[in-house]
Amino acid sequence: MRKLTNDDIAKHSLAASHARNNDRAAIAVLLDNIRSLYNVGSIFRTSDGAGIQKLFLTGYTPTPPRREIDKTALGATNSVPWEYARNPLETLATLKRTGVTILALERTDSSRPYTQVARVEFPICLVIGNELTGIAPEVLAACDGALEIPMFGLKHSLNVAVAYGIAVFELVRRWNSDDQPSNPLV
-3 MRKLTNDDIA
7 KHSLAASHAR
17 NNDRAAIAVL
27 LDNIRSLYNV
37 GSIFRTSDGA
47 GIQKLFLTGY
57 TPTPPRREID
67 KTALGATNSV
77 PWEYARNPLE
87 TLATLKRTGV
97 TILALERTDS
107 SRPYTQVARV
117 EFPICLVIGN
127 ELTGIAPEVL
137 AACDGALEIP
147 MFGLKHSLNV
157 AVAYGIAVFE
167 LVRRWNSDDQ
177 PSNPLV
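Every letter in the sequence shown is one number past the one before it in the numbering used here, and letter 56, counting from 1, is 52.
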């Protein structure tokens, strides 16, 4: 066994093929007032790896180009489609009108495990909230449901970028589990 080089990976990468063919998962992501530039960069990089359709940066979430975002994004700000919108509610309303299911990644009184997403729920927009306060109440009220990651330690939460990575790759796994109809978000 040998570790693959970057050239080896590029030659055999499904991700590169997906990105070239615009064959992205029917998943958008909305960031609601994320404060850390490093978390935003990490979310961009994870979004590239997951092959999501679009990233919506809202509220006071920082936007590229910023050195701190670029440091963790490693170029993903150029490969992930994104846009900035001051008001997350307007973006969510537009997505809902096109048939997108809005799911919060948040522990609520009615959240379900992140692994329990039905195929009929796609296309999905996953809403990610602020590192300290979570998703704003009015944004949470606009969501169709909530997903949570079970916690088994003493802490009750994960870093927002880590939680996002866990959830989005599970959603991509569900999307790719069988043949899916073509249903682009944007």
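Just so you know, even glycine gets a beta-carbon here, dropped at the ideal spot from N, CA and C.
Original post:
Does the Cβ-Cβ distance between ARG31 and GLU102 come in under 8 Å?
Top reply: no
**OP:** Jot down the residue ranges of each uninterrupted alpha helix (DSSP H) in the stretch 63 to 115, minimum 4 residues, whole runs only, in chain order.
**Re:** 63 to 69 and 84 to 93
Original post:
I think VAL135 touches VAL123, with their Cβ atoms under 8 Å apart; what is that distance to the nearest whole Å?
Top reply: 6 Å
**OP:** Specify the secondary structure class of GLY47 as computed by DSSP and reduced to three states.
**Re:** coil
**OP:** Take the Cβ of PHE118 as the centre, count every other Cβ of all protein chains shown within 10 Å, and call the residue buried at 16 or more, exposed below.
**Re:** buried
**OP:** Determine the direct distance from the alpha carbon of ASP28 to that of LEU70, and round the result to whole angstroms.
**Re:** 22 Å
**OP:** Give the straight-line distance between the Cα atoms of VAL156 and ALA137, rounded to the nearest whole angstrom.
**Re:** 20 Å
Original post:
For PRO109, which option in ALA142, PRO84, TRP78 and ILE131 has the closest C-alpha, if you only look at C-alpha atoms?
Top reply: ALA142
Original post:
Can VAL164 and VAL36 be called in contact, C-beta distance under 8 Å?
Top reply: no
**OP:** For SER107, I'd like the list of residues in its chain whose CB is within less than 8 Å of its CB, leaving aside the five on either flank, ordered along the chain.
**Re:** ALA100, GLY141, ALA142, LEU143 and GLU144
Subject >> Secondary structure of ALA142, DSSP reduced to three states >> reply: strand
Original post:
What are the boundary residues of the beta strand (DSSP E) that ILE23 is part of?
Top reply: 23 to 28
**OP:** Give the range of the alpha helix (DSSP H) segment to which ILE162 is assigned.
**Re:** 156 to 171
Original post:
VAL168 and ALA72: beta carbons closer than 8 Å?
Top reply: no
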